[in-house]
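Colleague: This is the structure I have questions about; it appears just below.
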Amino acid sequence: MNRRHFAKLSALTLAGTQLRASAQSNHNTTSADGRVGIAAVGLGSIAEVFMRAATASPNTRITGLVTGHPAEKGVKFGALYNVAGNSIYTYETFDRIRDNPAINAVYIALPNSMHCEYTVRAAEAGKHVLCEKPMAISSAECRRMIEACRRADVKLMIGYRTHYDPTFRKLREMVHSGALGEIQSYQGGFYGMRNKQQWRLDRSLAGGGSLMDLGIYPLNTIRWFTGEEPDIYRGLVATRDKSGVFASVEQSIDWMLKFPSGILASGGSSYGQSGTNFLEINGTTGHLRLEPAFVYGDAILMYTGMSGDTKLSGSGPVYDPDQFVSEATHFADCVLKNSQPATPGEEGLADLLAIEGIYAAAGSPIA
Ligand code: NAD
């Protein structure tokens with residue numbers, strides 16, 4: 066590269082940096098009390114947990130509500146979290162959050178197929194985004210969300226609460242420290258009995274079945290622990306319930322993955338099995354089993370295993386709303402310090418690519 070080219074490139078880089086810095090400085094990153102003000106979008110069951118968490122976190126506060134039922138849920142949660150009437154929006158008036166300086170960010174807790182639209186609209190309104198898992202219903206949507214947030218220079222974080230949980234972090238450290246030897250395989254599962262009237266059974270809203278909602282937990286943890294992306298996929302779907310409620314999504318799904326290092330993984334999830342939720346890690350000189358692994362609320366995560374001849378065991382509570390407080394606090398830290406979230410949009414995209422790979426291998430493609 067000659068000098069002139071170098072000077073031109075440096076000037077462009079500097080201009081880009083100044084542009085990004087000025088865009089960043091245009092965002093109001095805190096509400097009046099120095100906390101990140103968050104509008105909850107979709108006031109369903111997980112939003113209720115999150116709003117409790119955002120209130121318990123030292124650096125977040127609920128400053129807006131977006132709901133299809135402003136006269137009922139808006140009034141109820143407005144009173145609970147001290148949100149003024151003019152900070153309560155509907156899906157139609159959502160874009161007006163742009164003009165509300167008390168709202169610095171949104172927490173998106175809508176059905177999966179709505180995550181992309183509301184992330185893009187929030188970014189265009191200049192607001193940072195914390196979006197629930199699964200990030201979206203296709204990798205193409207994930208890419209649109211990442212691009213919209215990049216263009217608007219706002220943070221995009223996906224709500225993978227286990228990444229902010231001390232028990233999960235400890236197990237990951239054990240794996241990386243070599244305490245189990247060379248890791249050979251992972252197994253994981255998450256099974257439950259879902260209310261069969263929910264949007265989760267409608268493919269147009271959920272994007273897929275139990276893998277989107279429950280199986281994503283073991284899948285994401287295994288990807289996170291290995292630090293690799295799978296390159297070989299196997300999968301099987303099954304629906305024994307013939308009542309018609311599973312007309313558009315699978316009831317049960319099992320999958321196997323192989324990672325480039327040679328690590329094998331298998332997992333499963335179902336809406337119709339009275340099963341547990343667990344993670345197993347098997348190395349050449351040790352192993353670990355975590356059960357329960359992926360629930361939250363009134364639960365204690367328990368692990369047992371062996372490292373050589375030494376027994377391993379431990380536990381960590383996941384009381385409501387513990388994991389969500391750590392998640393909200395990390396998100397706000399990233400907004401306040403202008404740093405990259407530990408679970409950015411790219412993490413959600415990698416999960417969706419793996420989910421698409423599993424569904425394709427199971428002969429039930431979603432994308
Ligand atoms: P929910 O059904 O309890 O709430 C969904 C909300 O979206 C409701 O307030 C509903 O009124 C609103 N909504 C707007 N348009 C809708 C439409 N067309 N159809 C249905 N509802 C509509 O669901 P939830 O359990 O709170 O799940 C919301 C999101 O959070 C999902 O993406 C889910 O995967 C995720 N989630 C994450 C966790 C976690 O532990 N991180 C736990 C549960 C759910």
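In terms of the working numbering, the sequence shown is residues 66 to 432.
Every residue, glycine too, gets a C-beta built ideally from N, C-alpha and C.
As the structure is a computational prediction, the values presented were derived from the model and not from experiment.
In the DSSP assignment, find the unbroken alpha helix (DSSP H) run with residue 416 in it and report its ends.
Modeller: Its alpha helix (DSSP H) spans residues 410-426.
Colleague: Going by DSSP in three states, residue 299 sits in which element: helix, strand or coil?
Modeller: In the structure shown, residue 299 sits in a strand (DSSP, three-state: E or B).
Colleague: Please classify residue 387 as buried or exposed, where buried requires at least 16 neighbouring CB atoms within 10 angstroms.
Modeller: With 16 or more Cβ atoms within 10 Å of its Cβ, residue 387 is classed as buried.
Colleague: When you measure from the CB of residue 135 to every non-hydrogen atom of the ligand NAD, does any distance come out below 6 Å?
Modeller: No - the ligand NAD has no heavy atom lying nearer than 6 Å to the Cβ of residue 135.
Colleague: Thinking just about the alpha-carbon of each residue, which of 413, 347 and 376 is nearest to the one in residue 289?
Modeller: It is 413 whose Cα lies nearest to the Cα of residue 289.
Colleague: Helix, strand or coil for residue 90? Go by DSSP, reduced to three states.
Modeller: Note on residue 90: pLDDT 38, under 50, position unreliable in the model; no value is reported.
Colleague: Taking the alpha helix (DSSP H) that residue 285 falls in, what are its first and last residues?
Modeller: Segment 281-291, the alpha helix (DSSP H) holding residue 285.
Colleague: Determine the DSSP secondary structure at residue 217, reduced to helix, strand or coil.
Modeller: Helix at residue 217.
Colleague: Residues in its own chain within less than 7 Å of residue 123 by CB, not counting five upstream and five downstream?
Modeller: For residue 123, where only same-chain residues beyond five positions count, the Cβ hits under 7 Å are 394.
Colleague: Which residue comes first and which comes last in the alpha helix (DSSP H) that contains residue 236?
Modeller: Segment 231-242, the alpha helix (DSSP H) holding residue 236.
Colleague: Going straight from the alpha carbon of residue 13 to that of residue 389, what length do you get?
Modeller: Nothing in the structure corresponds to residue 13, since the chain is present only between 66 and 432.
Colleague: Going by DSSP in three states, residue 192 sits in which element: helix, strand or coil?
Modeller: Here residue 192 sits in coil by DSSP.
Colleague: Output yes or no for whether 7 Å exceeds the beta carbon distance between residue 425 and residue 301.
Modeller: Going by C-beta atoms, residue 425 is not nearer than 7 Å to residue 301.
Colleague: Hey, would you say the C-beta of residue 226 is under 6 Å away from at least one heavy atom of the ligand NAD?
Modeller: Yes, the ligand NAD has a heavy atom inside 6 Å of this Cβ.
Colleague: Return yes when at least one heavy atom of the ligand NAD lies under 6 Å from the C-beta of residue 118, else no.
Modeller: Result no, Cβ not under 6 Å from the ligand NAD.
Colleague: Please report the distance separating the alpha-carbon of residue 416 from that of residue 184.
Modeller: Approximately 17 Å between the Cα atoms of the pair.
Colleague: Assuming residue 319 is part of the beta strand (DSSP E), what are its boundary residues?
Modeller: First-last of the beta strand (DSSP E) with residue 319: 317-323.
Colleague: Going by the CB atoms, is the gap between residue 119 and residue 111 shorter than 7 Å?
Modeller: Contact: no.
Colleague: If you compare alpha carbons, which of 125, 231 and 154 is closest to residue 137?
Modeller: For residue 137, the nearest C-alpha among the options comes from 154.
Colleague: With H, G and I counted as helix, E and B as strand and the rest as coil, what does DSSP make of residue 141?
Modeller: The answer is helix: DSSP assigns residue 141 an H, G or I state.
Colleague: Does the ligand NAD have a heavy atom nearer than 6 Å to the CB of residue 451?
Modeller: Residue 451 is absent from the structure shown; the chain starts at 66 and stops at 432.
Colleague: What does a CB cutoff of less than 6 Å around residue 256 pick up in its chain, not counting 5 residues either side in sequence?
Modeller: Same-chain partners within the cutoff: 335, 338 and 340.
Colleague: So, is residue 365 buried or exposed, given that buried needs 16 or more other C-beta atoms within 10 angstroms?
Modeller: It is exposed - the Cβ of residue 365 has fewer than 16 other Cβ atoms within 10 Å.
Colleague: Any chance the region 233-243 sits against the region 308-316, with 3 or more Cβ pairs inside 8 Å?
Modeller: Contact fails: fewer than three Cβ-Cβ distances are below 8 Å.
Colleague: Would you say the beta carbon of residue 130 is closer than 6 Å to some non-hydrogen atom of the ligand NAD?
Modeller: Result no, Cβ not under 6 Å from the ligand NAD.
Colleague: Thinking residue 245 and residue 352 are a contact (beta carbons under 8 Å), I'd like their distance in whole angstroms, please.
Modeller: That belief holds up - the Cβ atoms of residue 245 and residue 352 are roughly 6 Å apart, short of 8 Å.
Colleague: Classify residue 307: buried if its beta carbon has 16 or more other beta carbons within 10 angstroms, exposed otherwise.
Modeller: By the neighbour-count rule (16 or more Cβ atoms within 10 Å), residue 307 is not buried but exposed.
Colleague: Residue 172 by DSSP, collapsed to three states: which one?
Modeller: DSSP places residue 172 in strand when its eight states are reduced to three.
Colleague: How about the region 171-178 and the region 98-105: do they share at least three Cβ pairs that are nearer than 8 Å?
Modeller: As far as the Cβ criterion goes, the region 171-178 touches the region 98-105, which means the pair count is three or higher.
Colleague: Would residue 370 be called buried (16 or more neighbouring beta carbons within 10 Å of its own) or exposed?
Modeller: Its Cβ being crowded by 16 or more others within 10 Å, residue 370 is buried.
Colleague: Exposed or buried, residue 198, counting other C-beta atoms within 10 Å across all chains shown (16 or more means buried)?
Modeller: Buried, by the Cβ-count rule.
Colleague: Mind checking residue 346: buried by the 16 CB within 10 Å criterion, or exposed?
Modeller: Buried, because 16 or more other Cβ atoms sit within 10 Å of the Cβ of residue 346.
Colleague: For residue 331 and residue 356, I'd like the C-alpha separation in whole angstroms.
Modeller: Straight-line Cα distance between these residues: approximately 16 Å.
Colleague: Within the same chain, show all residues whose beta-carbon is closer than 6 Å to that of residue 201, passing over the 5 residues directly before and after it, in chain order.
Modeller: The answer, listed in chain order, is 180, 181 and 207.
Colleague: Rounded to the nearest angstrom, how far is the Cβ of residue 284 from that of residue 432, given a contact under 8 Å?
Modeller: Going by Cβ atoms, the distance from residue 284 to residue 432 rounds to 16 Å, so no, they are not a contact pair.
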